[in-house]
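Colleague: Please find one structure pasted underneath; my questions will follow.
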Amino acid sequence: MALKSQARSTGQRILQAFLAAGAQEVQPDILQPAEVLLDLYGEDIRARAFVTADPGQGEYMLRPDFTVPVVQAHMRTGAEPARYCYLGEVFRKQDHSGAGRAIEYQQVGYEVFDREDPAAADAEVFSLFNGLLARFALSATIGDMGILRAAVEGLDTMPARKAALLRHIWRPVRFQKLLKRYAGISAPPAGRAAVLAGARPEAPWIGQRSAQEMDLRIKLLQEEAQCPPVAAEDVARLDALFALSCPAAQAPEALRALDIAAIAPAITRLESRLAALRARRIDLDAVQFDASHGRSTMEYYDGFVFSFAAADPDLPFVATGGRYDALTRILGQGAEIPAVGGMIRPGVLADLEAGA
Amino acid sequence: MSVIKLGVPSKGRLMEKTFEWFATRGVTLKRTGSAREYAGAVEGAEGVELVLLSASEIPRELAAGRIHLGVTGSDLVRDKLADWDRQLAALAPMGFGHADLIIAVPDCWADVETLEDLDAVAHAFRTTHGLRLRIATKYHRLVREYLTREGVADYQIVDSQGATEGTVKNLTAEVIADITSSGETLRANHLKILSDGMIHSSQATLFAARSADWAGLRPQFEKFAAQLGVDAGAI
Chain A
0 MALKSQARST GQRILQAFLA AGAQEVQPDI LQPAEVLLDL YGEDIRARAF
50 VTADPGQGEY MLRPDFTVPV VQAHMRTGAE PARYCYLGEV FRKQDHSGAG
100 RAIEYQQVGY EVFDREDPAA ADAEVFSLFN GLLARFALSA TIGDMGILRA
150 AVEGLDTMPA RKAALLRHIW RPVRFQKLLK RYAGISAPPA GRAAVLAGAR
200 PEAPWIGQRS AQEMDLRIKL LQEEAQCPPV AAEDVARLDA LFALSCPAAQ
250 APEALRALDI AAIAPAITRL ESRLAALRAR RIDLDAVQFD ASHGRSTMEY
300 YDGFVFSFAA ADPDLPFVAT GGRYDALTRI LGQGAEIPAV GGMIRPGVLA
350 DLEAGA
Chain B
0 MSVIKLGVPS KGRLMEKTFE WFATRGVTLK RTGSAREYAG AVEGAEGVEL
50 VLLSASEIPR ELAAGRIHLG VTGSDLVRDK LADWDRQLAA LAPMGFGHAD
100 LIIAVPDCWA DVETLEDLDA VAHAFRTTHG LRLRIATKYH RLVREYLTRE
150 GVADYQIVDS QGATEGTVKN LTAEVIADIT SSGETLRANH LKILSDGMIH
200 SSQATLFAAR SADWAGLRPQ FEKFAAQLGV DAGAI
């Protein structure tokens, strides 16, 4: 593993490139208020944050990533459009040992807040990263959570089912189980029919969840039981979509071939993004499009996603990034700005440099 | 001469059952000195030393390589050690100390039978109360890993080191994850087990430490393993 100083000098070099690209450097605090921010992360980062407490000021965590504090700072003070960069440590507990499982490592990142032309902003971030990482022979993969979301939103079924599926788009295991249930492939729990018919256990009511909350859910389950199953061909189309993997140049055609009407606008957006990438001389035959990319790792990205990976599968991603419009909506409490960005791990890069 | 250090729970039924298990294999373990002194002796096996420890400390002592062999619950090893099987080898399940780590919810929740229900309720609960559904447990790692694998969201783990079944009634948690053998305590506290809420079926197990210093101990370990009827090749 590279020395911290080597990682830092690699990080500094990249930071200079980000500054040269027009970004303004931000330096979020290492100690971030835990209660508010932890809620914004997916379970993965949440469970792995180092949380500590100040006797007077309450719970704090060691910064587990930069994106959320950067968005927060932008929402407080930022003028538009804005470009930010940063370099510093993040801290994450590791449940597994092994290479690339550092609990403290550096990230150097670049974030663009620009509502003019999302496709151009996506391409700007990707091509900046691609240029900086070109000499390392990494494999680049892109995806688009927006396409997956559009496919789910377009299902011919009740809104509550779609909402439940969308909520689990980042958790493929649960998503698949729910889809099977909604398609009538797996049966409801054994006691469900009796409960829907009004059966209740003879047990005292305990706990914070109220009986009204239960009644509300049972009502929803009753409506659900009346709703026809999701058609088998729609399930097959979704499965095919999730499994789609091809060179980015062929992605629009491959997606159209799936015959999912609801994703047509999202495919058009993908095409403008690909055109913007081509205009920046990105070879789209060398970039892989993976429809499920980012599903299990990158909660809060809700559109374009990308990563750069080294050949060694034990190494973590060298760089990851994507679009996170919804996060700005949550942090902006109504105010929203399309945002895209990514980070590079200079430590991993320094390892590759040392090995090269 | 260097010795193989064998860590065994220092009191209670777990200690007695462990002594019995070894006794049926011709190895006599016993506590020496006064009843309050944690010293022990081994008869019937060469070069093995008894170390009496709290069952909950045995995983850590094994991982650190301070003892070569140790008896403890398979649940404790999985919960206390990251990547436990890279650090320890399970030599033999011992057939006692059975306990299941399960997820239980209030019996009055007619609409909750499965993890799928729990997940849906967690989401609604968070929307209504502005609070992630609280799961009281002392098995943080096992519970979190299980729920992550199963894709359950919108919960939080709250620490409970004892009387966990009472936390729901006391409004400090909505759900519990705890070990149970007969389920009586759960019933008495008006809780029911989710149909797919079995996280781990635990029993007392003889473990060996991969990182302990085995230099020069190989012959006596093989002899000891043969006597116990366990596979020495695991380590």
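Sequence order for the protein chains is A and B.
Under numbering that gives the first Met the number 0, the residue at position 355 of the first sequence is numbered 354, and the numbers go up by one with no gaps.
Under numbering that gives the first Met the number 0, the residue at position 136 of the second sequence is numbered 135, and the numbers go up by one with no gaps.
In this text, a Cβ means the ideal position worked out from N, Cα and C, and glycines have one as well.
Mind checking the stretch 199–226 of chain A against chain B and listing, in chain order, the residues whose C-beta falls within less than 8 Å of any C-beta there?
Modeller: Taking 8 Å as the Cβ-Cβ cut-off against chain B, the residues of the stretch 199–226 of chain A that qualify are Arg199, Pro200, Ala202, Pro203, Trp204, Ile205, Gly206, Gln207, Arg208, Ala210, Glu212, Met213, Leu215, Arg216, Ile217, Leu220.
Colleague: Would you report the Cα separation of Gly25 (chain B) and Val229 (chain B), rounded to the nearest angstrom?
Modeller: Distance between the alpha carbons of Gly25 (chain B) and Val229 (chain B): 14 Å.
Colleague: Counting along the chain, where does the beta strand (DSSP E) carrying Pro32 (chain A) start and finish?
Modeller: Unbroken beta strand (DSSP E) run through Pro32 (chain A): 30–32.
Colleague: Is the separation between the beta-carbon of Ala88 (chain B) and that of Phe223 (chain B) shorter than 8 Å?
Modeller: Taking 8 Å as the Cβ cut-off, Ala88 (chain B) and Phe223 (chain B) do not qualify as a contacting pair.
Colleague: Assuming Val142 (chain B) contacts Ala176 (chain B) (C-beta within less than 8 Å), just tell me the rounded distance between them.
Modeller: 5 Å between Cβ atoms; contact.
Colleague: Could you tell me which whole alpha helix (DSSP H) segments of length 4 or greater appear in the stretch 226–313 of chain A?
Modeller: Complete alpha helix (DSSP H) runs here, min 4: 231–242, 250–255, 263–278.
Colleague: Glu232 (chain A): buried (16+ other C-beta within 10 angstroms of its C-beta) or exposed?
Modeller: That one is exposed.
Colleague: In terms of alpha-carbon separation, which member of A:Ala349, A:Pro264, A:Gln26 lies closest to Glu88 (chain A)?
Modeller: Selected option, being the one with the closest Cα: A:Gln26.
Colleague: Less than 8 Å between C-beta atoms, sequence neighbours within five positions excluded: which residues of the same chain meet that for Asp158 (chain B)?
Modeller: Ala135, Thr136, Lys137, His139.
Colleague: So, with DSSP's three-state summary, where would you put Val47 (chain B)?
Modeller: Residue state, collapsed to three classes: strand.
Colleague: List the residues of chain A whose Cβ lies closer than 9 Å to the Cβ of Gly124 (chain B), in chain order.
Modeller: Per the sequence presented here, residue 124 (chain B) reads as Phe, with Gly not at that position. Within 9 Å Cβ-Cβ: Gln207, Arg208, Glu212.
Colleague: Just to confirm the assignment, what range does the alpha helix (DSSP H) spanning Thr126 (chain B) have?
Modeller: Looking at the DSSP string, the run of the alpha helix (DSSP H) that includes Thr126 (chain B) is 114–128.
Colleague: Report buried or exposed for Asn169 (chain B), applying the criterion of at least 16 other Cβ atoms within 10 angstroms of its Cβ.
Modeller: Answer is exposed; the Cβ neighbour count stays below 16.
Colleague: Chain A beta carbons: is any one of them nearer than 8 Å to that of Asp118 (chain B)?
Modeller: At least one chain A Cβ lies under 8 Å of Asp118 (chain B).
Colleague: For the beta strand (DSSP E) containing Lys191 (chain B), list its first residue and its last residue.
Modeller: Per DSSP, Lys191 (chain B) belongs to the beta strand (DSSP E) from 190–201.
Colleague: So, using beta-carbon positions, are Phe128 (chain A) and Leu276 (chain A) closer together than 8 Å?
Modeller: No, Cβ-Cβ distance for Phe128 (chain A) and Leu276 (chain A) is not below 8 Å.
Colleague: How many whole angstroms separate the CB atoms of Ala325 (chain A) and Asp301 (chain A), which I take to be in contact at a CB cut-off of 8 Å?
Modeller: Sure, about 5 Å apart at Cβ, within 8 Å.
Colleague: At a CB distance below 7 Å, what residues from the stretch 179–194 of chain B approach chain A? Give them in sequence order.
Modeller: Against chain A - using a Cβ distance shorter than 7 Å - the residues of the stretch 179–194 of chain B are His189, Ser194.
Colleague: Near Ala202 (chain A), which residues of its chain fall below 6 Å by C-beta distance, leaving aside the five closest residues on each side in sequence?
Modeller: So no residue of the chain qualifies.
Colleague: Measure how close the beta-carbons of Met342 (chain A) and Phe112 (chain A) come, nearest whole angstrom, since I'm counting them as under 8 Å.
Modeller: About 16 Å; that fails the 8 Å criterion.
Colleague: Please identify the residue among A:Pro54, A:Ala159, A:Glu212, A:Gln287 whose C-alpha is closest to the C-alpha of Ala224 (chain A).
Modeller: Ranking A:Pro54, A:Ala159, A:Glu212, A:Gln287 by Cα distance to Ala224 (chain A) puts A:Ala159 first.
Colleague: Extract the residue ranges of the alpha helix (DSSP H) inside the stretch 135–191 of chain A, only unbroken runs of 4 or more that lie entirely within it.
Modeller: Complete alpha helix (DSSP H) runs here, min 4: 144–152, 158–166, 171–181.
Colleague: In chain order, what residues of the same chain lie with their CB nearer than 7 Å to the CB of Pro58 (chain B), ignoring the 5 residues before and after it?
Modeller: So the qualifying residues of the chain are Thr71, Leu75, Val76, Lys79, Leu80.
Colleague: Helix, strand or coil for Glu60 (chain B)? Go by DSSP, reduced to three states.
Modeller: DSSP places Glu60 (chain B) in helix when its eight states are reduced to three.
Colleague: Using a Cβ-Cβ cut-off of less than 8 Å, list which residues of the stretch 158–187 of chain A approach chain B; keep chain order.
Modeller: From the stretch 158–187 of chain A, only Ala163, Arg166, His167, Arg170, Pro171, Val172, Arg173, Phe174, Lys176, Leu177, Arg180 have a Cβ closer than 8 Å to chain B.
Colleague: Measuring only between beta-carbons, confirm whether His292 (chain A) sits less than 8 Å from chain B.
Modeller: With 8 Å as the cut-off, His292 (chain A) does not count as an interface residue toward chain B.
Colleague: When DSSP builds the beta bridges, which residues end up paired with Gly108 (chain A)?
Modeller: Answer is A:Tyr85, A:Met342.
Colleague: What residue range does the beta strand (DSSP E) around Tyr145 (chain B) cover?
Modeller: No beta strand (DSSP E) contains Tyr145 (chain B), which is instead part of the alpha helix (DSSP H) from 139–148.
Colleague: Val194 (chain A) touches chain B at which residues, Cβ-Cβ below 8 Å?
Modeller: Those within 8 Å of Val194 (chain A) in chain B are Ala109, Asp110.
Colleague: Rounding to the nearest angstrom, what Cα-Cα distance links Gly215 (chain B) and Ala231 (chain B) in this structure?
Modeller: Roughly 15 Å between the two C-alpha positions.
Colleague: Once you ignore the five residues that flank Leu68 (chain B) on each side, which residues in its own chain have a CB closer than 6 Å to its CB?
Modeller: Around Leu68 (chain B): Leu5, Ala207.
Colleague: At a Cβ cut of 9 Å, what residues of the stretch 80–105 of chain B count as close to chain A, listed as they run along the chain?
Modeller: For the stretch 80–105 of chain B, which is checked against every Cβ of chain A, the residues closer than 9 Å are Ala81, Asp82, Arg85, Gln86, Val104, Pro105.
Colleague: Below 8 Å on the Cβ atoms is my guess for Gly196 (chain B) versus Ile101 (chain B); work out the distance and round it to an integer in Å.
Modeller: Gly196 (chain B) to Ile101 (chain B), Cβ: 5 Å. Contact.
Colleague: Where Thr184 (chain B) and Ser73 (chain B) are concerned, what is the direct C-alpha to C-alpha distance, given to the nearest angstrom?
Modeller: Rounded to whole angstroms, Thr184 (chain B) to Ser73 (chain B) spans 22 Å at the Cα level.
Colleague: Taking the alpha-carbon of Lys92 (chain A) as reference, which of A:Ala120, A:Arg191, A:Arg45 has the nearest alpha-carbon?
Modeller: Nearest C-alpha to Lys92 (chain A): A:Arg45.
Colleague: Below 7 Å between beta carbons is the criterion; list the residues of the stretch 158–177 of chain B that meet it against any residue of chain A, in chain order.
Modeller: Listed in sequence order: Val167, Lys168, Leu170, Glu173.
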